[in-house]
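Student: Numbering-wise (my numbering), the sequence shown opens with residue 211 and increments by one.
Before I ask anything, let me first share the structure, which is written out below as structure tokens.
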Amino acid sequence: MKETEGFGMWAERIGPEYFSWEWFNIEGDKGKKLQGNGNLNLKMNEIDGFKEISEIFFETDTVFRIDSKIDRPKKHDSDFKTDYLVVIKKGSYIKF
């Protein structure tokens, strides 16, 4: 079975002008945020030959950025301005 290399998570603010996407690389049962600080402990289940995340435990405070293109000229798709930060505190967890 091919190993999962990573996964994305996001925070949401309603409106088409906002964007959020945080990538986490996976190594074993650990997740590490690609940009910025963030370490996760992952519980995985195997279903029909595929791995599925069933629980995420935040080992560190982890920041999710919500960016906008408001009042900023767009030269590239990556031209975002961070307007909001969502902090998931160390010790928090998500069960699916």
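Using N, Cα and C, we set each Cβ at its ideal position, and we do this for glycine too.
Just so you know, these numbers come straight off a predicted model, no measurement behind them.
Can you tell me whether Gly216 is buried or exposed? The criterion is at least 16 other CB atoms within 10 Å of its CB, across all chains shown.
Tutor: Translated into positions along the sequence shown, residue 216 becomes position 6. The residue in question, Gly216, is exposed, as its Cβ has fewer than 16 Cβ neighbours within 10 Å.
Student: In whole angstroms, give me the CA-to-CA distance for Ser264 and Ser302.
Tutor: Reading the sequence shown from its first residue, position 54 is the one you call residue 264. Reading the sequence shown from its first residue, position 92 is the one you call residue 302. If I take the Cα positions, the gap works out to 14 Å.
Student: Look at the alpha carbon of Phe260 and the alpha carbon of Lys242, and state the distance between them as a whole number of angstroms.
Tutor: On the sequence shown, position 50 is the one that residue 260 refers to. On the sequence shown, position 32 is the one that residue 242 refers to. Approximately 21 Å, taken between the alpha carbons.
Student: Which residue marks the beginning of the beta strand (DSSP E) containing Asp293, and which one marks its end?
Tutor: By one-based count along the sequence shown, residue 293 stands at place 83. Element bounds for Asp293: Lys291 to Ile298.
Student: So, with DSSP's three-state summary, where would you put Phe217?
Tutor: Taking the sequence shown and counting its residues from 1, the one referred to as residue 217 is at position 7. Here Phe217 sits in strand by DSSP.
Student: How far does the beta strand (DSSP E) with Ile263 in it extend, from its first residue to its last?
Tutor: Mapped onto the sequence shown, residue 263 falls at position 53. Counting along the chain, the beta strand (DSSP E) containing Ile263 begins and ends at Phe260 to Phe268.
Student: Where Lys291 and Tyr228 are concerned, what is the direct C-alpha to C-alpha distance, given to the nearest angstrom?
Tutor: As a working mapping, residue 291 is identified with position 81 in the sequence shown. As a working mapping, residue 228 is identified with position 18 in the sequence shown. Straight-line Cα distance between these residues: approximately 10 Å.
Student: Measuring only the C-alpha atoms, how far is Glu213 from Asn249?
Tutor: The residue you call residue 213 lines up with position 3 of the sequence shown. The residue you call residue 249 lines up with position 39 of the sequence shown. One alpha carbon belongs to Glu213, the other to Asn249, and they sit about 19 Å apart.
Student: So if DSSP puts Gly301 in a beta bridge, which residue, or which two residues, is it bridged to?
Tutor: Within the sequence shown, numbered from 1, the residue matching residue 301 stands at position 91. In the DSSP output, where bridge partners are listed per residue, Gly301 has none listed.
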